[in-house]
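The structure under discussion appears below in the form of structure tokens.
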Amino acid sequence: MISILLAKSRNGVIGKNNGMPWHIPEDLRYFKKLTTGKNIVMGRRTYTAIGRALPHRINYVVTRDTSFTAQNVHVLHHIDAITRIPGDVVIIGGGSIIEQTIHLAQVLYITEIDAVIEGNTTVEIDLSDWVLTSSTPGNQDKRSPFEYSFNVYVRKPTNAVSN
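In the working numbering, the protein residues as written are 2 to 164.
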């Protein structure tokens, strides 16, 4: 199964200057819970921002740069190669990779932050083909000043009509 995991603000911001424009510890724990032991896919800029392969996961980086190499990372040069990864795959960003792979995903895990936040990486996700199956409010506190929720969307089944 292919899923996408992201956190975004009300105005679609997912990043600022190759980082996250917020610090929400509960969201980081959620990320770890959903990705540990799985195949994770990210774009090269996201990998560079993280600075290393994430432990306890099989890391894949998508890049057009055929000379790119990194320790403990499998390099993919085409988006369609994601469909050949065995087992569960979680796409973790960035914006370009999410937009290029949304048609492949069956599940979206979106931490929706109820705030307008400045940033320079955004995603637009049309949720008309998705059903919200779960929404859990986050715990707002001093370290997480925003209201947010952990939302899970599942792709609507397609109705094949045969004549």
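Beta carbons are placed, not taken as given, at the ideal position from N, Cα and C, and that holds for glycine. Because the structure is a prediction, the values reported are computed rather than measured.
Run of the alpha helix (DSSP H) containing residue i, from where it starts to where it stops
| i | result |
| --- | --- |
| residue 32 | 26-36 |
| residue 97 | 96-102 |
| residue 46 | 45-51 |
Euclidean distance between Cα positions of residue i and residue j
| i | j | result |
| --- | --- | --- |
| residue 26 | residue 146 | 11 Å |
| residue 99 | residue 148 | 24 Å |
| residue 14 | residue 119 | 7 Å |
| residue 157 | residue 131 | 5 Å |
| residue 135 | residue 115 | 17 Å |
| residue 51 | residue 127 | 27 Å |
| residue 88 | residue 117 | 36 Å |
| residue 18 | residue 77 | 24 Å |
| residue 45 | residue 113 | 24 Å |
| residue 159 | residue 69 | 38 Å |
| residue 54 | residue 47 | 11 Å |
| residue 57 | residue 10 | 28 Å |
| residue 95 | residue 30 | 19 Å |
C-beta atoms of residue i and residue j nearer than 9 Å
| i | j | result |
| --- | --- | --- |
| residue 137 | residue 129 | no |
| residue 93 | residue 32 | yes |
| residue 12 | residue 41 | no |
| residue 133 | residue 110 | no |
| residue 102 | residue 83 | yes |
First through last residue of the beta strand (DSSP E) which encompasses residue i
| i | result |
| --- | --- |
| residue 12 | No beta strand (DSSP E) contains residue 12, which DSSP labels as neither H nor E. |
| residue 152 | 149-156 |
message: Contact between the segment 29-38 and the segment 120-131 is defined here as three or more beta-carbon pairs at a separation below 8 Å; is this criterion met?
response: no
- prompt: Does the segment 56-75 come close enough to the segment 139-158 to have 3 or more Cβ pairs within less than 8 Å?
  reply: no
message: So, does the segment 2-13 touch the segment 102-109, judging by three or more C-beta pairs under 8 Å?
response: yes
query: Counting pairs of Cβ atoms below 8 Å between the segment 4-23 and the segment 66-83, do you hit three or more?
result: no
In chain order, each alpha helix (DSSP H) run of at least 4 residues that lies wholly inside the segment 87-145: 96-102
- prompt: Where in the segment 50-89 do unbroken runs of the beta strand (DSSP E), each at least 3 residues long, occur, reported from the N-terminal end onward?
  reply: 59-63, 74-77
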